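Residue numbers (our numbering): 12 to 340.
What follows is a set of notes on a single structure, which appears directly below.
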């Protein structure tokens with residue numbers, strides 16, 4: 012046994028290698044398993060603050076700094092030679108995965124809200140999930156493909172997702188879009204763009220291209236991005252929304268990154284500001300009206316605390332629950 016810090020690194024990277032990386036990135040799975048088996052590499056990672064040493068963050072930082080996308084021994088040798096630089100850069104970075112495909116999971120909930128909509132996202136990163144009205148959707152069902160396009164026609168960003176059930180789907184009318192993030196990214200900034208695309212895991216087919224296309228959408232019409240803690244900044248941000256629009260606050264996958272003590276404060280602020288859409292693990296918080304049993308698996312998509320669907324956390328599939336969404340407009 013090592014120190015508590017060492018043991019924490021081993022446990023985290025072992026879980027990542029066994030449960031999270033397989034099926035998404037064979038290279039990241041190999042690197043994480045290598046960390047578990049190589050005490051010298053694991054000790055380097057203990058030097059990184061605990062909240063900044065998640066495998067996807069560390070691996071993305073090493074790739075950004077020039078690590079070879081090669082077998083573990085070569086990567087570990089590079090890390091040993093650049094340990095100080097990696098530790099410093101990881102301490103200054105955070106995971107800001109900005110997956111526009113999440114809009115495919117958000118759209119069924121947005122479809123239940125009468126527009127026009129003012130959209131405010133917590134944990135917005137560069138704001139790529141603030142443009143659900145600018146993307147095209149292709150939902151694979153057991154009966155073919157449901158197509159949803161902006162009024163002007165198919166968009167450069169096409170989001171594909173598997174859909175079970177029959178939710179009402181329509182393009183939202185978004186008239187104002189803003190985001191809150193501890194460290195917002197600018198879609199127009201080359202370094203920020205490089206960081207976002209670098210967070211895509213090696214082997215994730217088509218994801219980098221999707222992020223790059225969505226970055227072009229955001230760069231052409233940048234949202235209002237506010238730096239700050241959501242619980243403190245949400246009310247002031249909401250006050251800037253146009254009064255004639257329905258304010259919708261979204262927290263897609265971000266609450267897991269907020270310490271437990273602060274989650275309820277963010278949920279309360281979101282619900283006080285307007286309508287609230289979230290994508291979270293069912294056991295993450297007590298913000299739900301109730302959790303259907305048995306739970307079909309995946310994350311929960313909810314509107315104002317009412318769970319509507321089980322979804323992939325990044326939007327790859329949506330399982331609409333029977334009877335969900337009635338009288339929610």
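Backbone N, C-alpha and C fix where the C-beta goes; we use that ideal spot for every residue, glycine too.
As the structure is a computational prediction, the values presented were derived from the model and not from experiment.
Check, Outcome
"Determine the DSSP secondary structure at residue 338, reduced to helix, strand or coil.", "With a pLDDT of 46 at residue 338, under the threshold of 50, the predicted position of this residue should be treated as unreliable, though the coordinate-derived value follows. Coil, per DSSP."
"Measuring straight from C-alpha to C-alpha, what distance separates residue 75 and residue 107?", "14 Å"
"By DSSP, does residue 209 sit in helix, in strand, or in coil?", "helix"
"Between residue 46 and the rest of its own chain, which residues show a CB-CB distance below 6 Å, the 5 nearest in sequence each way excluded?", "24, 52 and 53"
"Identify every run of the alpha helix (DSSP H) within the stretch 58 to 131, keeping only runs that are complete inside it and at least 4 residues long; order them along the chain.", "66 to 75, 83 to 92, 94 to 103 and 113 to 121"
"Tell me whether residue 134 sits in a helix, a strand or coil according to DSSP, three-state version.", "coil"
"Ignoring anything shorter than 4 residues or poking outside the stretch 168 to 224, list the alpha helix (DSSP H) runs there in chain order.", "201 to 209"
"Using the Cα positions of residue 246 and residue 262, report the straight-line distance between them to the nearest angstrom.", "15 Å"
"Looking at the secondary structure, which residues open and close the alpha helix (DSSP H) in which residue 243 lies?", "241 to 249"
"Starting from the Cα of residue 257, find the closest Cα among 120, 169, 153 and 186 and give me that residue.", "186"
"Verify whether the separation of the beta carbon atoms of residue 117 and residue 143 is less than 7 Å.", "yes"
"If you check the beta carbons only, do residue 172 and residue 328 fall under 7 Å apart?", "yes"
"Need the endpoints of the alpha helix (DSSP H) that residue 252 sits in, please.", "Run containing residue 252: none; DSSP gives neither H nor E here."
"Alpha carbon to alpha carbon, how far is residue 229 from residue 320?", "28 Å"
"Starting from the Cα of residue 164, find the closest Cα among 152, 145, 259 and 331 and give me that residue.", "145"
"Does DSSP put residue 287 in a helix, a strand or coil?", "strand"
"Over the uninterrupted alpha helix (DSSP H) stretch that includes residue 260, give me the two end residues.", "From DSSP, residue 260 is part of no alpha helix (DSSP H) but of the beta strand (DSSP E) over 257 to 263."
"Evaluate residue 91 with the Cβ neighbour count: other Cβ atoms within 10 Å of its Cβ, from every protein chain shown; 16 or more gives buried, anything less gives exposed.", "exposed"
"Determine the DSSP secondary structure at residue 35, reduced to helix, strand or coil.", "coil"
"Closer than 8 Å by C-beta to residue 283: which residues in its own chain qualify, once you throw out the five before and the five after it? Chain order, please.", "246"
"Start and end of the beta strand (DSSP E) containing residue 313?", "310 to 314"
"Would you call the stretch 191 to 209 in contact with the stretch 226 to 242, where contact means no fewer than 3 C-beta pairs closer than 8 Å?", "yes"
"Buried or exposed for residue 222, going by 16 or more other Cβ atoms inside 10 Å?", "buried"
"Using the rule of at least 16 other Cβ atoms within 10 Å of the residue's Cβ for burial, across every protein chain shown, is residue 179 buried or exposed?", "exposed"
"Between the alpha carbons of residue 114 and residue 13, how many angstroms are there, rounded?", "43 Å"
"Excluding the five sequence neighbours on either side, which residues of its own chain have a C-beta within less than 8 Å of the C-beta of residue 259, listed in chain order?", "121, 124, 128, 129, 130, 131, 285, 286, 287 and 288"
"Expressed to the nearest angstrom, what Euclidean distance is found between the alpha-carbon atoms of residue 104 and residue 194?", "9 Å"
"Since residue 150 and residue 112 should fall inside the 8 Å C-beta cutoff, what is the C-beta to C-beta distance between them, to a whole number of angstroms?", "So it is not a contact: roughly 12 Å between Cβ atoms."
"With contact counted as at least three CB pairs below 8 Å, one residue from each stretch, are the stretch 203 to 212 and the stretch 83 to 101 in contact?", "no"
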